[in-house]
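Here's the structure we're looking at; comments come further down.
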Amino acid sequence: MKPQLERWIKHYGGPAAGGLLALAFISGVLASNYAYPLIFLAAAGGLAAYRYREDLKTFDFWALEEWARTRYDALGVPEWHSPHQAAELYCSQVVVRTRNEAATEMNTIMMELIKGQELNAGALSDMSMTDFNAQQNFESLRGERNARYDAAQIRYNQCNASLSRELQTYLARGHLLAKGMPMRDNTPLAERVIPTARWRVMTLDIAKGQAFGYGWQYGGLVVGIKPKPQKRTPPPPASAPRNPNNVPGARVPRPPRQGQQARPRPPRPSA
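6 is the number of the first residue of the sequence shown in the working numbering; add one for each residue after it.
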């Protein structure tokens with residue numbers, strides 16, 4: 006009997022709790038006695054707590070405040086960038102320049118290899134002597150080009166790894182914010198802001214635009230700089246009335262209060 010009851014609660018506990026809440030609302034509106042709504046509310050709460058007891062045990066209530074604060078900060082981000090672009094904006098420019106040089110060298114070598122393949126595809130009878138010499142020169146330098154391409158690719162991957170660690174450090178400190186689509190069974194869900202504390206246990210890959218670790222996986226990442234809080238400066242104090250003639254010991258007249266007229270001074274007696 007107990008396994009069947011647990012199986013029923015697992016499958017129908019959520020809708021049953023919703024029905025009890027509806028009954029509590031209807032009885033509270035129509036009935037004059039408040040005992041029935043309280044009974045229905047208690048039954049719905051107990052049923053929902055028993056149905057989702059495993060989820061409640063693993064839920065991190067302390068992370069809810071951080072998620073709300075991160076969500077609020079994300080509203081003020083002026084612009085979002087891909088991790089590749091964010092590394093160029095916020096990370097070490099020396100590493101970024103080295104990575105771009107390695108990427109340029111890889112593209113140049115790739116174009117040379119494609120051009121050599123086009124020469125190999127042509128018939129020897131249709132080639133001129135210049136094309137034939139170019140093909141022979143290309144074949145002799147193929148190994149050197151492959152070695153240069155491998156070396157450039159190693160530098161490119163090393164720079165990407167260094168930029169990923171640096172960008173992840175800024176994300177873990179809260180200087181930058183990121184949002185992405187959580188992956189569940191290789192299916193992307195709705196985009197959401199990633200809490201700052203998760204970057205301490207996750208690994209960032211700027212080449213693929215992904216982050217994973219400790220059971221979490223995000224795709225389609227974008228990064229933005231956290232807005233700085235604006236400091237409100239207090240208004241300057243009202244300046245005291247000045248002595249127009251700079252007469253030492255002269256009394257400065259006070260301004261009249263609101264709703265009060267200034268009283269005229271009596272004339273001085275003549276000598």
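Using N, Cα and C, we set each Cβ at its ideal position, and we do this for glycine too. Here the structure is a predicted model, which is why all the values come from computation and not from measurement.
Item	Value
Burial state of MET134, where buried means 16 or more other Cβ atoms lie within 10 Å	Residue confidence for MET134 is low, a pLDDT of 48 falling below 50, so the modelled location carries little weight and cannot support an answer.
Which of helix, strand or coil DSSP assigns to TYR223	strand
Bridge partner(s) assigned by DSSP for ARG197	GLY185
Host alpha helix (DSSP H) of GLY148 (start-end)	147-178
Identified DSSP bridge partners for GLN215	ASP210
C-beta atoms of SER169 and VAL100 nearer than 8 Å	no
Beta-carbon separation (whole angstroms), LEU194 vs VAL228, contact threshold 8 Å	Actually they do not touch by this definition, with Cβ atoms about 19 Å apart.
Residue closest to LEU172, alpha-carbon to alpha-carbon, out of HIS89, VAL34, TYR41	HIS89
Cross-strand partners of ARG103 (DSSP beta bridge)	Checking the sequence shown, residue 103 turns out to be Thr, not Arg. The partner list for THR103 (beta bridge, DSSP) is empty, contrary to what the question assumes.
Bridge partners - THR34, DSSP secondary structure assignment	In the sequence under discussion, the amino acid at residue 34 is Val, which differs from the Thr named in the question. Its beta-bridge partners do not exist; DSSP assigns none.
Range covered by the alpha helix (DSSP H) that runs through LEU43	40-56
Test item: CB-CB of MET116 and TYR161 under 8 Å	no
Three-state class that DSSP yields for GLY18 in the structure shown	helix
For ALA22 and ALA53, believed in contact at Cβ under 8 Å, the rounded distance	4 Å
Contact check, GLY224 vs MET207, beta carbons under 8 Å	no
Cα-Cα separation between THR174 and ALA29, rounded to whole angstroms	50 Å
GLY229 in three-state terms, based on DSSP	strand
Alpha-carbon spacing of PRO187 relative to PRO8, whole angstroms	34 Å
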